[in-house]
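Novice: As numbered in full-length UniProt numbering, residues 1 to 217 make up the sequence shown, in order. The structure's right below; bear with me while I get my questions together.
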Amino acid sequence: MMNECVNYAIFPVSWKQASVALIPKVGKDFSSPSAYRPICLLSTWGKVLDKILSRRLTFELEKTGKLHPNRNGRSTLDALQFFKDFVHSSKLNEHVTIAISLDMSNAFSSVEWRDVISALHEDGVSDYLIFSISDFLNNRKIVDPNLQINYNYGIGVPQDSCLGPILWLLIADRLLRAMDQIKNCVVTMFADDILLLASDTASYKFSNSFVNPLREN
């Protein structure tokens with residue numbers, strides 16, 4: 001059944017329906033909608049097909065080197081260790097370090113579907129996967145019988161889906177690769193948190209070699 005869904009680029013409509021659980025964020029004002037993290041409770045069969053598409057897409061992107069290397073198989077502890085090692089190495093070379101941390105607000109919820117499909121085409125992903133992912137995104141629906149909620153949405157990747165993070169990475173990858181062009185800049189990412197690091201002999205040099213190019217990008 002799953003193979004037929006992939007072969008015909010069909011993601012059944014009933015598998016796209018999601019019930020949303022709102023998880024409160026610690027230390028936030030609970031009167032604000034942004035104080036809650038929406039988690040999509042998805043169909044079990046839909047998650048199986050979702051996982052198949054996610055693995056195939058990841059395989060293709062990694063095979064062709066289309067995903068930024070500093071994003072896979074890392075945890076928050078890995079990111080902290082990377083930061084610590086960078087600063088330590090900088091000190092050994094008698095350099096100073098600058099660090100800029102970027103936290104993208106509502107990153108997963110803000111992804112435009114047309115940008116995802118465009119990125120898939122740009123990265124040379126197989127047509128059958130593009131068609132399957134396009135159908136995965138189209139006609140998605142949030143339902144809650146108790147609150148009589150039943151509406152379609154057309155932006156964002158479903159949180160708690162397997163494809164969600166990889167589709168977000170497709171968009172974030174464009175930003176990471178642009179930052180890689182900045183002289184003496186090292187960039188790493190965990191989820192939607194991006195850390196930029198640079199090392200130089202004196203702090204005044206960062207203005208021309210790091211800060212100004214960052215503004216341009």
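Cβ coordinates follow ideal geometry from the N, Cα and C atoms, glycine included. Quick caveat: nothing in here was measured; it's all calculated off a predicted structure.
Express the C-alpha separation of Leu-195 and Ile-100 in angstroms, rounding to a whole number.
Specialist: What you label residue 100 is simply residue 100 of the sequence shown in a count that begins at 1. What you label residue 195 is simply residue 195 of the sequence shown in a count that begins at 1. Computed Cα separation, rounded: 6 Å.
Novice: Along the chain, where does the beta strand (DSSP E) containing Leu-196 start, and where does it finish?
Specialist: Taking the sequence shown and counting its residues from 1, the one referred to as residue 196 is at position 196. Segment 193 to 200, the beta strand (DSSP E) holding Leu-196.
Novice: Using a Cβ distance threshold of 8 Å, determine whether the stretch 123 to 139 contacts the stretch 24 to 42, with at least three qualifying pairs required.
Specialist: These segments do not touch.
Novice: Return the CA-CA distance between Asp-144 and Phe-82, expressed in angstroms with no decimal places.
Specialist: Against the sequence shown, residue 144 aligns to sequence position 144. Against the sequence shown, residue 82 aligns to sequence position 82. Distance between the alpha carbons of Asp-144 and Phe-82 is about 43 Å.
Novice: Along the chain, where does the beta strand (DSSP E) that runs through Ile-100 open and close?
Specialist: For the purposes of this step, residue 100 is identified with residue 100 of the sequence shown, where counting begins at 1. Its beta strand (DSSP E) spans residues 96 to 103.
Novice: Quick check on Ser-161: buried or exposed, where buried means 16 or more other Cβ atoms within 10 Å of its Cβ?
Specialist: For the purposes of this step, residue 161 is identified with residue 161 of the sequence shown, where counting begins at 1. That one is buried.
Novice: Can you find at least 3 beta carbon pairs, one from the stretch 59 to 67 and one from the stretch 119 to 128, that sit closer than 8 Å?
Specialist: Segments in contact, yes.
Novice: How would you write the range of the alpha helix (DSSP H) that Ala-119 sits in, first residue to last?
Specialist: Along the sequence shown, one-based indexing puts residue 119 at 119. 113 to 122 is the span of the alpha helix (DSSP H), which, as asked, contains Ala-119.
Novice: For the ligand MN, is there a heavy atom less than 7 Å away from the beta-carbon of Thr-76?
Specialist: This structure does not include the ligand MN; it has no bound ligands of any sort.
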